[in-house]
Each structure stands twice: as C-alpha cells, then as structure tokens.
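Peer 1:
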Amino acid sequence: MRALTEADVRASFVNADPDELRVMEMPHDFLLIDWDYLDFFAWRDPGAGRRGYVLVQHEGAVAGIVLRVSEPGRARSGMCNICHTMQPGNQVSLFSARRTGEAGARGDSVGTYICADLSCHDNVRLAHPLAPNEIRAAGQVDFRLDGTRRRMEAFTARVWADS
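Printed below as a string of structure tokens:
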C-alpha cells in the first residue's frame, strides 16, 4: 500500500458518517506503520472496542470500511474467512459493515468471520511448523498472502457493490 496520513485515512472511508469519522481513533503505532509491507491495513478502534476499520487499495485509490464486531463465538474453534487461519472460538468474530449508497441508507450490511484482533495480515506471514519429514514448497507463503489480500478485497467490494 502507499503511505497514508491520518487525513488520507479519514477521507478514504466509503461507509462512514461524519460522526463516526469524528470519534474514530487511529492505532497507537500509526506513525510507525511500514506501508510498503502491507497488502491491506486493519485495526480495532482503541477507544471503541466494538468497532474496527479496514483500508484496502482498490484501482489506485484507498477505500476504507467501518466494521462492527459481534461478541466472540463460544465454539471450540473457528476459521477466519479472510486469512483461512484456524483460531480458538473466542478469537474469531463476526464483523459486519454497513453498505454504501441507498442500500446502506436502508440498513443493509454485509458480514464475515474475521480474526477478532484483525491480525489476518500478520497471521498469514507466520510459517506453520513442519513435521519432521515435510518440506516447505516454494511460494507457499506467497499463495496464502495473495489469497488473503483477494478475500479482503472481495469483502470490501461487497460493501460498495451496487451503490
């Protein structure tokens, strides 16, 4: 992703109203972010634990999505639909986003299960331990990175589809 300022971030949101943008808190380490390393950027609002944000680069521009999180599940385990990582049940939550345009004005939203701390970008970069007789295939991590990026882009595209 290209480097963004706080003003760029606030201007990028496609499904936020002015009040949401006014109370939005940036992550504490915002000034230290290595933007070249990111395929997308996601964080939980430090001041409002039930809100999260995702920034995705789309056709040369950055689009931001405001997310709402439900209570964590009680299942023994769950899979994040973005990074395809199995997690304990309380570490995967249903995130929803109000759609843009007329659909959003009617209250329509889309949702998916995502890592509760929105750490998908980092989770796919962690190498899974290998069994003693296994060999890591070349490009295996790149395949996971590309899939995670594509799935996050597809989710955010559903937010602004048909608006």
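Numbering (the numbering used here), first residue to last: 20 to 182. Think of the CB as a built atom: it goes at the ideal place given N, C-alpha and C, for glycine as much as any other residue.
Between which two residues does the beta strand (DSSP E) holding R63 run?
Peer 2: 59-63
Peer 1: Sort M20, W62, H103 by Cα distance to D55 and report the nearest one.
Peer 2: M20
Peer 1: Should S112 be labelled buried (16 or more other beta-carbon atoms within 10 Å of its own) or exposed?
Peer 2: By the 10 Å Cβ count, S112 comes out buried.
Peer 1: So, F59 versus V75, is the Cβ gap smaller than 7 Å?
Peer 2: yes
Peer 1: By the 10 Å Cβ neighbour count, where 16 or more other Cβ atoms means buried, how is L145 classified, buried or exposed?
Peer 2: The residue in question, L145, is exposed, as its Cβ has fewer than 16 Cβ neighbours within 10 Å.
Peer 1: How long is the line joining the alpha carbons of T167 and D38, rounded to whole angstroms?
Peer 2: For the pair T167 and D38, the Cα-to-Cα distance works out to about 31 Å.
Peer 1: Can you round the beta-carbon distance between S189 and S96 to whole angstroms, since I take them to be within the 8 Å contact cut?
Peer 2: Past the boundaries of the shown model lies residue 189; the chain is included only from 20 to 182, so the question cannot be answered.
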